[in-house]
Amino acid sequence: RGFWGWRGDLCTPTQTPLFQAGRACCSKPPTDATAAMGISRDSWHKRRKTGGRMKQLRKKRKFEIGRPAAMTRIGPQKVNPVRTRGGHQKLRALRLESGNFSWGSEVTTRKTRVLEVVYNASNNELVRTNTLVKGCVVVIDATPFKQWYQQHYGVLLGKKKGDEQQVKHSKRMLRVLAARQKERVVDTKVAEMVGSGRALARVASRPGQSGRCDGYLLEGAELEFYQRAMRRKK
């Protein structure tokens, strides 16, 4: 059985323009634009604790938007600004090579180079690709801390027999160094790390949000914990 089409001719159900357009649309392979799905931070698409589905009471909203991970690598600095809600701005670090790291027990901070990523509790792939994220353990160049320690206490960490250097100081400076050395207490493992020029540190900032890679040197029980964890993962 047929019927009159919009052009005035007799058509079968499979010859209608709407049917032909639908069949042509379905026969096309999905492109990246149609296959890509947006990243959402809502919670209504998840299940309840009991396993039941949540009803979708509304469509997606702009304030629920999510963005791809920055996947910050070690390299020449490259930071992109990203406009966020309210006209504010995030700094998306794509590559970083240095940051400010703090030596907690000595209450000093120095800018130094990040050499490599050695541990990440969440994903070993981030270690292999040297991806900087908050909480990862990195190896940093400890030379700035070594130089500061020698200047502040008059003691060269990690020195060998042939590396002894005689630095001339005034009488007043000698009294100051002597007073500082009375209260000098340093962890043996930290002293060995700083003296070797390579120290373990933990990243405390969020490179993909703030565009910086800042952190602190590992000391004491925390250093021992991460050293054990790295030995287990090897």
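Residue numbering for the sequence shown follows my numbering, starting at 6 and increasing by one per position.
Built from N, CA and C at the ideal position, the CB exists for glycine as well.
Could you compute how far the alpha carbon of residue i sits from the alpha carbon of residue j?
i	j	result
A38	I44	Because the pLDDT at A38 is just 49, under 50, the model does not fix this residue reliably, and the value given afterwards should be weighed accordingly. The alpha-carbon atoms of A38 and I44 are separated by roughly 14 angstroms.
R6	Q61	Per-residue confidence for R6 stands at a pLDDT of 49, beneath the threshold of 50, marking its modelled position as unreliable; the derived number appears in the next sentence. Whole-angstrom Cα-Cα distance: 42 angstroms.
R88	K176	57 angstroms
V143	Q94	27 angstroms
M235	E224	15 angstroms
G163	R189	16 angstroms
E130	A183	49 angstroms
E227	A206	10 angstroms
H50	K64	11 angstroms
L120	H157	25 angstroms
G159	A74	45 angstroms
W108	R58	49 angstroms
L54	L137	According to the sequence shown, residue 54 is Lys rather than Leu. In a straight line, the C-alpha of K54 is about 33 angstroms away from that of L137.
R66	V191	54 angstroms
E229	V132	19 angstroms
R237	Y231	10 angstroms
K187	V181	10 angstroms
K139	K173	43 angstroms
S48	R90	19 angstroms
G56	L222	44 angstroms
E256	M178	No answer is possible for residue 256: it lies beyond the span of the chain, which begins at 6 and ends at 239.
F106	M42	39 angstroms
R233	I145	19 angstroms
Taking 7 angstroms as the cut-off, decide whether the C-beta atoms of residue i and residue j are in contact.
i	j	result
Q161	Q152	Correcting the residue identity first, residue 161 is Leu in this sequence and not Gln. Not closer than 7 angstroms, so no.
F150	R115	yes
G220	A204	no
A147	V199	yes
L96	S201	no
P212	T117	no
V135	V123	Reading the sequence as shown, one finds Asn at residue 135 and not Val. For N135 and V123, no; Cβs fall outside 7 angstroms.
C141	N128	no
G71	R52	no
C218	G104	yes
Give me the DSSP bridge partner(s) of residue i.
i	result
I79	L101
L222	A206
P86	L96
S107	T114, Y221
R52	R58
S45	I70
Just checking residue i against the ligand ZN - is the residue's beta carbon closer than 6 angstroms to any of the ligand's heavy atoms?
i	result
A147	The ligand ZN is absent from the structure shown, which contains no ligand whatsoever.
Inset, instruction - Say whether the region 77-89 touches the region 185-196, bearing in mind that this needs 3 or more beta-carbon pairs closer than 8 angstroms, one atom from each stretch. - result: Counting Cβ pairs under 8 angstroms, fewer than three are found: no touch.
Legend entry - the region 68-82 in contact with the region 95-106 per 3-pair CB rule at 8 angstroms: Counting Cβ pairs under 8 angstroms, three or more are found: they touch.
Legend entry - Whole alpha helix (DSSP H) elements within the region 112-186, 4-residue minimum: Correct list: 130-133, 148-158.
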